[in-house]
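Protein chains in written order, with our numbering: chain A, 1 to 144; chain B, 1001 to 1144.
Report on the following structure.
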DNA sequence: CCGAAATGTAACCAATATAGTTCCATAAAA
DNA sequence: TTTTATGGAACTATATTGGTTACATTTCGG
């Protein structure tokens, strides 16, 4: 169970909401598509609602729907909504500051990691949920 | 203890070897700089030796040293040597293939993740161990 | 040639994260 | 008022990571 699948599942969730065209979709239906437990879905949706990518409607005939158009949502938005702050492996990294190398390596690494992370996120920013949606439609065009 | 620090520690290890200028450095000395157990260091060095970034010498007065110049080692080389194959969170991701969305989302995500990963590694490729070494020397120039 | 010092691994433990699950309070539509 | 849904707490199982001990093997140095 290594590496988290939060981001992958979250993209799946939003792609599903786009596919359902604004209907109020209950978490159980999404969970069926993702093949997991509705609570897992709601946990992720909680973060997506907080960042205003999704709106939630409680009560009977309630559910979730996109809060904006698929064009306005990038994969980077989704990534940032559901991924914890990247530690770059520095969380567990506490070198001996009495050693000249240990004293300064952390700051040097930090700067490099931030740049590498930014490059990755820039690539995610280039892909919108609409792009994902279009690729889905290209594969199964007959669906509602 | 989340997120692994293998990469950060490995860069530290190689920076330390560069700092020690070709001497045979025992794992215990490196462990002192990183402030961890020598076995942890040897585990990482095992991968670095296998990828020919480092050479090992057994026996008394043995130790580890760079197998090539610091200019010839990029942070991406180190990253690839010690990080497992990136799963992009797809390891745990097995959607319902009977759903039109679930059936195709995985392939779409995979392509995007590969591009994002490549962008990150390209950034790492731009930094050499020599760059790290020079930054260290700039901070503490008087050291051996 | 013998002992000290080192690598190379296996085995195990503790801490942590993730995903899955059960349960229940709350809210809202029908 | 009943049904259906979100929201969230609490618990469990599993995997990974880093740390640790232990030990076999190798090799230098006296």
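For each residue, glycine too, the CB sits at the ideal point set by N, CA and C.
*Secondary structure at residue 56 of chain A, three-state DSSP: helix, strand or coil?*
strand
*Given that a residue counts as buried once 16 or more other Cβ atoms are within 10 Å of its Cβ, and exposed if not, what is residue 5 of chain A?*
buried
*asked:* I want to verify the contact list: residues of chain B whose CB lies under 8 angstroms from the CB of residue 95 of chain A, in sequence order.
replied: 1012, 1033, 1034, 1035
*Cβ of residue 1074 of chain B within 9 angstroms of Cβ of residue 1127 of chain B?*
yes
*Between the beta-carbon of residue 117 of chain A and the beta-carbon of residue 88 of chain A, is there less than 9 angstroms?*
yes
_Which of the three DSSP states is assigned to residue 1090 of chain B in this structure?_
coil
_Residue nearest to residue 122 of chain A in terms of C-alpha spacing, selected from A:14, A:26, A:42, A:77_ = A:77
*asked:* Is residue 1007 of chain B close to chain A? Criterion is C-beta to C-beta, closer than 9 angstroms.
replied: yes
*Is the CB-CB distance between residue 108 of chain A and residue 1132 of chain B below 9 angstroms?*
yes
*So residue 1024 of chain B packs on residue 1038 of chain B, CB below 8 angstroms; how close in whole Å?*
Contact doesn't hold; Cβ gap of about 15 angstroms is too wide.
*Contacting residues, own chain, Cβ-Cβ under 8 angstroms from residue 42 of chain A (five flanking each side not counted)*: 27
*How long is the line joining the alpha carbons of residue 11 of chain A and residue 1099 of chain B, rounded to whole angstroms?*
15 angstroms
*What residue does the beta strand (DSSP E) around residue 1065 of chain B start on, and which one ends it?*
1063 to 1066
_Going by beta-carbon coordinates alone, are residue 124 of chain A and residue 81 of chain A separated by less than 9 angstroms?_
no
*asked:* Can you check which of these residues, A:7, A:45, A:18, A:134, is closest to residue 69 of chain A by C-alpha distance?
replied: A:18
*At 9 angstroms on the CB atoms, spell out the chain B contacts of residue 102 of chain A, in chain order.*
1012, 1016, 1032, 1033, 1034, 1035
*Of the listed residues B:1036, B:1056, B:1113, nearest to residue 1171 of chain B (C-alpha basis)*: Within the shown structure, residues of chain B are numbered from 1001 to 1144, placing residue 1171 of chain B beyond reach of any answer.
*What in chain A is Cβ-close to residue 1053 of chain B, meaning under 8 angstroms?*
Those do not exist, as residue 1053 of chain B stays about 17 angstroms from chain A at its closest Cβ, beyond 8 angstroms.
*Within its chain, find whatever has a CB closer than 6 angstroms to the CB of residue 113 of chain A; leave out the 5 residues flanking it on each side and keep chain order.*
88
*Count the other C-beta atoms from every protein chain shown that fall within 10 angstroms of the C-beta of residue 1001 of chain B, then say buried if there are 16 or more, exposed otherwise.*
Residue confidence is low: residue 1001 of chain B scores 49 on pLDDT, short of 50, so the model does not pin down where it sits. No coordinate-derived value is stated.
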